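Asker:
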Amino acid sequence: MGKRSLSANAQGIVQAKEAMARKQWTHQVLAKKVGVKTRLSISKFFAGHPVERRIFIEICVQLDLSWQKLAIQVLDERLLQPINPAENQPVDINTLMTTIRSSYQDKLETQSSTVPLWDLPKPISLKDIYIDVEVWQDIPNRRWLDLGDWQRLFQVNWDRGYGLNPDGTALERVLAMAVLTRQRHLMIWGKTGTGKTTFLQYLTTQCHQGRFAPDQVSIYIELRALVEDGNRLSLLDYICQELSDCGVSRETVKTLLQEGKLLILLDGWDEVAPSRRFSLFNKLRWFCQRYYNNRFVITCRTGAELYRFGRFTEVELADWTPTQIREFAQKYFVAVAGANWEKGLGKAAEFITQLDYPENRAIKDMAKTPLLLSFICHVFHSQSRFPRQHARLVHEGLEILLHKWDYSKGVERDSLEQPLSVVNRWQLLDQVASVTLTQQKYCFSQSQVEHYIGEYLQTLPDYQDVNPVSLQIQSQGIVKAIECDHGVWVERSRRLYSFANLSVQQYLTAREFTTKLAQHPEAIAELVTHLTEQSWRQVFPFTAALLRHPERLIQGIKQRVDQVLISDQRLVQFLNWIDHRSKSSPLSHKPAAVRGFNFALAVILDQALAQTLNSYLLDQPLEPSPLQQLPSCLSLAQTLDANFTVLEALAFKAEDYLPPASLPVPLYRALILNATLKYSLAFNLAVDPEHLSQLARSLKTLLHPVFQFQSNGKMLNSWWFNHRHSWIEQLRFFLGQHEHGEHDWQFSSSQRQSLWDYYDANQLLVDCLTIADDLNTQVQQHIEDELFVYRE
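Taking the working numbering, the leading residue of the sequence shown gets 1079, the next gets one more, and so forth.
Rendered as structure tokens:
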């Protein structure tokens, strides 16, 4: 006979929660007062699940509640009124299933109809928030690739901002429901926070509503409930307890199992203590083989020790795509807005727009994980914008992964599996991130990361006398524990790892340098050597946000910025010329903003002139015109001066300066040249303004027929067909007269790259100025006054 158990009714759960609030207790505090080792029984009590009678009564006593009023069912087989057929009568399975579904409805509504989202005070309806999830059938960490092969395939996409992107190793994505329709036994792997439990909740509701496996009844089971708090129930015992609420006897449960009428959802294999996994594994494998006609789904975090439960198909939940992120954001903000759904849609649209801004790449990297996406949505909801300091957001996201998520679910990881404290884990991750980013390693072998961990462990008192073999074994365990428990790094291929995304690696590196700078200020010199490396771009704003007194860092960055152009006298001359031109600019804004704008504009116009004045390539299609970059000229200027605008007649809209690409190549080139001259003269950015003005007048005459017919496509086509040969010859002669004139700086490609490195470094410096807290105002003003200025 199984242990007698009680479960709380809905009203009793509300009363218990109110008592917890009055006493200001957490689940952990209540667990200690009740005398249980973990919070599992407490969590089950508040979820309305069966709890051992003794524990149930003690919980009520501690909360000053009457346990008789809270208990809705005494789960004892002797007291049940079983749903059983009369003796010698066959079981009517269809009638039985209908009865169970009807009896089970209230419990399903309590357990699976809502989902708690991070930081929201109340759960949200699952149907209002659920997004169809996709899986990889070819599990990434089961593939074998050499590190050299992987490094050639592994591309870091700086522009699109998705962090680490395997290029050429993309895996096919399929809907999880489609796989489950074909496979009756499924093992679902997934990184921390990817929605494994939510997917099982969804399956539960879909089954109950007859939309999936309509001939079955779903049973959701947290696997750790089978072995913790002294329960040690068999899977059959647990299912009998679940269905006993519906008056189903043990014999009837066996009949349902033999007929294949159950959808058994087993959640959180990784949450079972390692010391108890092997015993439970053998029992579960036997059960799945014995009752193979039923559907089974098991979930587990990636990185957990591999167990094979018989003939199970294995898949892994895929990271969310931009489309899934958009869909979730829309559902989230509409659900939170309640009746004011239009406001919710508006906020969702603004969220999606801002998430796509290049400066929000770190946030977009995090948003691929559903758990972190719900957190990001919550943060955005309060102010309709993201925090100025992205470091705060990334740090909170990592804290959720490192300990808060498990803690909130009442999961306690085995200390033998993860021997490091939370503080030590942070320090280890900081060190590994810094070393790998410095070496430009975005993917590294398991042996490499084990070596880094071993080096760190030897700095701790408890590990200084550990022999090399034990140290390696400990390091191996920590590699897998950090992947499984936290998902901070990921096994991309067999024994090949990377951080979950580039932003995590950059943030942890910033933490490492923040610690260094607090102890050794001269470490600034080491940090700023990476100023023009794209992979370190985000490290500097993160570091500026983390430092209590960032003045030395800001000054160190400025000194390094000034050295970018110093080796090329021609580039220094250009910088001085920009300063001089800016003083006579028609733009009346902060001098630094005007200099930054003119610098970017002059480099773009110089490149556009060089491209369009080349008569030898007149009939060749142009590469993307440099003028397409013109809107980017406003970014830095508007950061320095929020009121910065350009002349209304020269508003940076595509139709104002870019002709249709469908035009014949010579016409397109001539119109691009015309726009280039227009901007050079308007902003006084010509080396020889008189010569450039003459060039513009001559070109205007040549383009007169085009301007005359530009609003009438039919007439323009007719004119071009009749005059194209003579017109092209005139244009070729015109270009031949001017392509070697002193109209621009005519920089080489390497010089132009140096100029853009300098511009980006100034942009980075301004970002740090904007983000840093408690920055001395005199230091900030001095840095701004010296932007884009060369001082000998």
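Every residue gets a Cβ at the ideal spot worked out from N, C-alpha and C, and that includes glycine. Keep in mind the model is a prediction, meaning the values are calculated, not measured.
On the DSSP bridge list, what partners appear for phenylalanine 1374?
Answerer: Within the sequence shown, the letter at position 296 stands for residue 1374. Answer is His1263, Ile1342.
Asker: Do you know how far the Cα of glutamate 1329 is from the Cα of glycine 1555?
Answerer: One-based indexing of the sequence shown puts residue 1555 at position 477. One-based indexing of the sequence shown puts residue 1329 at position 251. Looking at the two C-alpha atoms, the distance is approximately 44 Å.
Asker: Sorted by chain position, which residues of the same chain lie with C-beta nearer than 6 Å to proline 1783's C-beta, five sequence neighbours on each side aside?
Answerer: Taking the sequence shown and counting its residues from 1, the one referred to as residue 1783 is at position 705. The residues are Trp1797.
Asker: Counting only the same chain and skipping the five closest in sequence on each side, list residues whose C-beta sits under 6 Å from that of lysine 1594.
Answerer: Residue numbering aside, residue 1594 sits at position 516 when the sequence shown is read from its first letter. Closer than 6 Å at Cβ, skipping near neighbours: Ala1601.
Asker: For valine 1350, which of helix, strand or coil comes out of DSSP?
Answerer: Against the sequence shown, residue 1350 aligns to sequence position 272. DSSP places valine 1350 in coil when its eight states are reduced to three.
Asker: So, with DSSP's three-state summary, where would you put asparagine 1243?
Answerer: If you number the sequence shown from 1, residue 1243 lands on position 165. Confidence at asparagine 1243 is low in this model, with a pLDDT of 47, below 50, so the placement of that residue should be treated as unreliable; the coordinate-derived value is given next. Looking at asparagine 1243 - three-state DSSP - the assignment turns out to be strand.
Asker: Who are the Cβ neighbours of glutamate 1629 in its own chain at under 7 Å, not counting the five residues just before and after it?
Answerer: For this step, residue 1629 is matched to residue 551 along the sequence shown. So the list reads Leu1853, Asn1854, Val1857, once near-sequence residues are dropped.
Asker: Between which residues of its own chain and valine 1350 is the CB-CB distance below 7 Å, once the five residues before and five after are set aside?
Answerer: Stepping through the sequence shown from its first residue, residue 1350 is reached at position 272. Excluding residues within five positions, the ones whose Cβ falls inside 7 Å are Leu1301, Arg1302, Val1305, Leu1358.
Asker: Between the alpha carbons of isoleucine 1376 and threonine 1401, how many angstroms are there, rounded?
Answerer: Stepping through the sequence shown from its first residue, residue 1376 is reached at position 298. Stepping through the sequence shown from its first residue, residue 1401 is reached at position 323. Roughly 27 Å separates the two Cα atoms.
Asker: Quick check on valine 1252: does DSSP put it in helix, strand or coil?
Answerer: In the sequence shown, counting from the first residue as 1, residue 1252 sits at position 174. Here valine 1252 sits in strand by DSSP.
Asker: Short check: CB of arginine 1648 to CB of asparagine 1676, under 8 Å?
Answerer: On the sequence shown, position 570 is the one that residue 1648 refers to. On the sequence shown, position 598 is the one that residue 1676 refers to. Not closer than 8 Å, so no.
Asker: Just verifying my parser: in three-state terms, what is the DSSP assignment at alanine 1086?
Answerer: What you label residue 1086 is simply residue 8 of the sequence shown in a count that begins at 1. If DSSP states are grouped into helix, strand and coil, alanine 1086 belongs with the strands.
Asker: Could you please give me the residues that DSSP links to arginine 1379 through a beta bridge?
Answerer: By one-based count along the sequence shown, residue 1379 stands at place 301. Answer by DSSP bridge pairing, in chain order: Gly1268.
Asker: Within 10 angstroms of its Cβ, does histidine 1473 collect 16 or more other Cβ (buried), or is it exposed?
Answerer: Numbered from its first residue, the sequence shown carries residue 1473 at position 395. When all chains shown are included, histidine 1473 counts as buried.
Asker: Do you know how far the Cα of aspartate 1508 is from the Cα of leucine 1605?
Answerer: Your numbering for residue 1605 matches position 527 in the sequence shown. Your numbering for residue 1508 matches position 430 in the sequence shown. Going from the Cα of leucine 1605 to the Cα of aspartate 1508 covers about 15 Å.
Asker: Determine the contact status of glutamine 1584 and leucine 1515, defining contact as a CB-CB distance below 8 Å.
Answerer: Numbered from 1 along the sequence shown, position 506 holds the residue referred to as residue 1584. Numbered from 1 along the sequence shown, position 437 holds the residue referred to as residue 1515. Yes, the Cβ-Cβ distance between glutamine 1584 and leucine 1515 is below 8 Å.
Asker: How is valine 1393 classed by DSSP in three states: helix, strand or coil?
Answerer: Within the sequence shown, numbered from 1, the residue matching residue 1393 stands at position 315. Three-state DSSP puts valine 1393 in a strand.
Asker: To the nearest angstrom, report how far apart tyrosine 1369 and isoleucine 1342 are at their CA atoms.
Answerer: Here residue 1369 corresponds to residue number 291 of the sequence shown, with the count starting at 1. Here residue 1342 corresponds to residue number 264 of the sequence shown, with the count starting at 1. Looking at the two C-alpha atoms, the distance is approximately 11 Å.
Asker: Does valine 1326 come out as helix, strand or coil in the three-state DSSP assignment?
Answerer: Taking the first residue of the sequence shown as position 1, residue 1326 is located at position 248. Note: valine 1326 maps to strand in three-state DSSP.
Asker: Does DSSP classify glutamate 1306 as helix, strand or coil?
Answerer: The residue labelled residue 1306 in the question sits at position 228 within the sequence shown. Glutamate 1306: coil per DSSP, three-state reduction.
Asker: With glutamate 1055 as the anchor, note down where its beta strand (DSSP E) starts and where it stops.
Answerer: The chain is shown only over 1079 to 1870; residue 1055 falls outside these bounds and no answer can be derived.
Asker: Measure how close the beta-carbons of threonine 1391 and leucine 1264 come, nearest whole angstrom, since I'm counting them as under 8 Å.
Answerer: Here residue 1391 corresponds to residue number 313 of the sequence shown, with the count starting at 1. Here residue 1264 corresponds to residue number 186 of the sequence shown, with the count starting at 1. With 8 Å as the limit, threonine 1391 and leucine 1264 qualify as a contact, their Cβ atoms being about 5 Å apart.
Asker: For leucine 1574, which beta-bridge partners are listed by DSSP?
Answerer: Within the sequence shown, residue 1574 is the residue found at index 496, counting from 1. Bridge partners of leucine 1574: Ser1523, Ser1571.
Asker: Check whether the region 1676-1689 touches the region 1753-1770, taking contact to mean three or more Cβ pairs, one atom from each stretch, closer than 8 Å.
Answerer: Short answer: they touch.
Asker: What does the Cβ neighbour count give for phenylalanine 1866, buried or exposed, with the cut at 16 atoms within 10 Å?
Answerer: For the purposes of this step, residue 1866 is identified with residue 788 of the sequence shown, where counting begins at 1. Answer is buried; the Cβ neighbour count reaches 16.
Asker: Could you name the residues of the same chain whose beta carbon sits closer than 6 Å to that of aspartate 1397, not counting the 5 residues immediately before and after it, in chain order?
Answerer: Looking up residue 1397 in the sequence shown gives position 319. Correct list, in chain order: Lys1446.
Asker: Could you check the C-alpha separation between leucine 1334 and alanine 1413 for me, to the nearest Å?
Answerer: In the sequence shown, counting from the first residue as 1, residue 1334 sits at position 256. In the sequence shown, counting from the first residue as 1, residue 1413 sits at position 335. Their backbone Cα atoms lie some 38 Å apart in a straight line.
Asker: Does the distance from the C-beta atom of lysine 1274 to that of leucine 1395 stay below 8 Å?
Answerer: Position 196 of the sequence shown holds residue 1274. Position 317 of the sequence shown holds residue 1395. In this structure, leucine 1395 lies closer than 8 Å to lysine 1274 by Cβ.
Asker: Could you give the distance in angstroms between the alpha-carbon of glutamate 1155 and the alpha-carbon of leucine 1313?
Answerer: In the sequence shown, residue 1155 corresponds to position 77, counting from 1. In the sequence shown, residue 1313 corresponds to position 235, counting from 1. The predicted position of glutamate 1155 is uncertain, since its pLDDT is 39 and thus under 50; no value can be drawn from it.
Asker: With a threshold of 6 Å on Cβ separation, who are the neighbours of serine 1672 within its own chain once the five nearest residues in sequence on each side are excluded?
Answerer: Along the sequence shown, read from residue 1 onward, the residue named residue 1672 stands at position 594. Looking at the sequence provided, one finds valine at residue 1672 rather than serine. Excluding positions up to five away in sequence, the list reads Ser1660, Ser1663, Leu1665.
Asker: In its own chain, which residues sit with a C-beta less than 8 Å from the C-beta of lysine 1095, not counting the 5 before and 5 after it?
Answerer: In the sequence shown, counting from the first residue as 1, residue 1095 sits at position 17. These residues qualify, in order along the chain: Phe1124.
Asker: According to DSSP, simplified to helix, strand and coil, what is glutamate 1701?
Answerer: For the purposes of this step, residue 1701 is taken as the residue at position 623 of the sequence shown. Coil.
Asker: Secondary structure at threonine 1282, three-state DSSP: helix, strand or coil?
Answerer: Taking the first residue of the sequence shown as 1, we reach residue 1282 at position 204. Reduced to three states, the DSSP call for threonine 1282 is helix.
Asker: Quick one: what's tyrosine 1298 bridged to in DSSP?
Answerer: For the purposes of this step, residue 1298 is taken as residue 220 along the sequence shown, with counting starting at 1. Looking at the DSSP assignment, tyrosine 1298 forms a beta bridge with Leu1343.
Asker: In whole angstroms, give me the CA-to-CA distance for aspartate 1845 and tyrosine 1837.
Answerer: In the sequence shown, counting from the first residue as 1, residue 1845 sits at position 767. In the sequence shown, counting from the first residue as 1, residue 1837 sits at position 759. Each residue's Cα considered, the two are about 12 Å apart.
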